[in-house]
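K.L.:
Going by numbering that gives the first Met the number 0, the first residue of the sequence shown is number 0, and it counts up by one from there.
This is the structure I have questions about; it appears just below.
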Amino acid sequence: MSEEKKVLKEIPMARLIHIISRKLKHHQILADDDIGLTPMQKHVLKFILLESLHREIYQKDVEDEFQIRRSTVTGIIQLMEKNGFLYRESVSKDARLKRLVPTKKSEDLRNKIIENIIERDQKMTEGISEEELKSCKNVLLKIFENLTDC
């Protein structure tokens, strides 16, 4: 066992999760692509592109997903709209609601995002059995539930 692995086995769970989170950030989807968006805008775009496959997305969904204020999301969406990545469309049932719709420009990135997610997941789970993955996921879900109750 390498010295790094020995050290990681001894650190507290929260620290290990933090280290893994930082590693994942280094492998961000669209991280190396210079498409004229900030890292946060890229996260929002990824969220909108993937979620809009299954449902309509509104500004409130972005606020809830990223736990950021309405004014912050408004600024992000306005810049993304200005740069041609999405547009807002009025909803017939309530004119105050504006659905966030990806443009052709951003939809062209969707397949690349999905491919990157698959590649990252394959890399993360390399050499890990299905049983180990299931066990790990169960433990992580329990940790999440424990922290949700706080």
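For each residue, glycine too, the CB sits at the ideal point set by N, CA and C.
From a predicted model like this one, the values you see are computed outputs, not experimental measurements.
Tell me where the alpha helix (DSSP H) around Arg-172 begins and ends.
P.N.:
Lying before the first or after the last residue shown, residue 172 is absent from the chain, which here runs from 0 to 149.
K.L.:
Going by Cα to Cα distance, which pick from Asn-145, Glu-3, Glu-118, Gln-40 is closest to Ile-75?
P.N.:
Selected option, being the one with the closest Cα: Gln-40.
K.L.:
Could you name each continuous alpha helix (DSSP H) segment of 4 residues or more that falls completely within the segment 49-93, going from the start of the chain to the end?
P.N.:
Runs of the alpha helix (DSSP H) inside the segment 49-93: 58-65, 69-81.
K.L.:
Our contact map puts Leu-48 next to Arg-109 with C-beta atoms below 8 Å; I'd like the distance itself, whole angstroms only.
P.N.:
Contact holds; Cβ gap of about 5 Å.
K.L.:
Given that a residue counts as buried once 16 or more other Cβ atoms are within 10 Å of its Cβ, and exposed if not, what is Val-6?
P.N.:
Exposed, by the Cβ-count rule.
K.L.:
So Arg-95 packs on Glu-55, CB below 8 Å; how close in whole Å?
P.N.:
With a Cβ gap of about 15 Å, Arg-95 and Glu-55 do not count as contacting.
K.L.:
If we ignore side chains and look at the alpha-carbon of each, how far apart do Ile-16 and Ser-51 end up?
P.N.:
Computed Cα separation, rounded: 29 Å.
K.L.:
Could you tell me the distance, in whole angstroms, from the CA atom of Ile-67 to the CA atom of Ser-1?
P.N.:
Taking the straight line from one Cα to the other gives about 40 Å.
K.L.:
Under the DSSP definition of a beta bridge, which residues are partnered with Leu-99?
P.N.:
In the DSSP output, where bridge partners are listed per residue, Leu-99 has Arg-87.
K.L.:
So, is Phe-84 buried or exposed, given that buried needs 16 or more other C-beta atoms within 10 angstroms?
P.N.:
So Phe-84 ends up on the buried side.
K.L.:
Secondary structure at Thr-37, three-state DSSP: helix, strand or coil?
P.N.:
Looking at Thr-37 - three-state DSSP - the assignment turns out to be coil, as it is neither helix nor strand.
K.L.:
Looking only at C-alpha atoms, which of Lys-133, Ile-116, Glu-130 sits nearest to Lys-24?
P.N.:
It is Ile-116.
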